[in-house]
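To start, the structure itself, in structure tokens.
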Amino acid sequence: MKFWLAFLLALQCALSSYAGEAIPLAEDPVVEQRLIGISEELRCLVCQNESLAGSRAELALDLRREIRTLIKDGKTDAEIMEFMVSRYGDFVRYRPPVNATTWLLWFGPFVLLIGALVVVVRMVRRSSQASNQPAALDPAQRAKAQSLLKDTELPS
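Numbering (this note's numbering), first residue to last: 211 to 366.
This is the structure:
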């Protein structure tokens with residue numbers, strides 16, 4: 211019994227050494243609010259589908275630390291965004307600017323939607339035109355139809 215108690219105590223001490231260091235609380239709430247606002251507009255370069263504000267990746271922590279330093283140095287939000295874009299490209303922004311390199315990204319889905327609508331309209335028109343026209347009969351079918359019509363005619 212004493213052995214197991216000692217073993218559990220040693221295990222607890224060993225596991226507590228693996229615990230990560232707590233993130234320090236905000237020194238300045240204004241800086242932290244700006245940091246959150248800016249980092250929510252930026253994409254985590256490791257996760258890629260998560261904002262920089264919500265990511266727990268090491269690179270995201272480093273980038274938030276860098277942004278915090280830039281804020282304390284007196285940089286504006288636009289200057290910080292420009293710094294991040296110059297360093298990592300437009301990919302780092304969740305809403306990249308509309309320019310020649312991002313036209314396909316911004317307008318591509320609309321072009322595909324319009325193309326799909328055009329295809330659907332053409333298919334509907336062709337099927338409605340095909341259903342309005344009677345099917346052409348070959349000579350054997352025509353002769354059979356004529357014989358059926360003659361057999362069912364009533365004498366006048």
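We put the beta carbon where it would ideally sit given N, CA and C, even for glycine. From a predicted model like this one, the values you see are computed outputs, not experimental measurements.
Worksheet item: How long is the line joining the alpha carbons of S337 and K354, rounded to whole angstroms?
Response: Computed Cα separation, rounded: 28 Å.
Discussion item. Tell me the DSSP secondary structure of L245 in three-state form.
Written reply: Judged by DSSP in its simplified three-state form, L245 adopts helix.
Worksheet item: Where R278 and E268 are concerned, what is the direct C-alpha to C-alpha distance, given to the nearest angstrom?
Response: In this structure, the alpha-carbon of R278 lies about 15 Å from that of E268.
Discussion item. So if DSSP puts R253 in a beta bridge, which residue, or which two residues, is it bridged to?
Written reply: For R253, which the question treats as bridged, DSSP gives the partners S261.
Item to complete: With a cut-off of 8 Å on the beta carbons, I'd call E250 and S261 a contact; round off their distance for me.
Response: Confirmed, about 5 Å.
Worksheet entry | Pick from A346, D348 and G299 that is closest to C254, judged by C-alpha positions | Taking only the C-alpha atoms, the option nearest C254 is G299.
Worksheet item: My guess is that V308 and L252 are in contact by the Cβ rule of under 8 Å, so how many angstroms apart are they, rounded?
Response: In fact, because the Cβ distance is near 18 Å, the residues do not count as touching under 8 Å.
Discussion item. Going by DSSP in three states, R303 sits in which element: helix, strand or coil?
Written reply: Here R303 sits in strand by DSSP.
Worksheet item: So what does DSSP say about L347, is it helix, strand or coil?
Response: Reduced to three states, the DSSP call for L347 is coil.
Worksheet item: Ordered along the chain, which non-local residues of its own chain (more than five positions away) have a Cβ less than 6 Å from that of L280?
Response: Same-chain partners within the cutoff: I290.
Worksheet item: Mind checking whether R274 and L315 have CB atoms under 8 Å apart?
Response: The answer is no: Cβ separation not under 8 Å.
Worksheet item: In whole angstroms, what separates the C-alpha of L359 from that of D348?
Response: A direct Cα-Cα distance of roughly 17 Å separates L359 from D348.
Worksheet entry | Three-state secondary structure assigned by DSSP to N309 | Here N309 sits in coil by DSSP.
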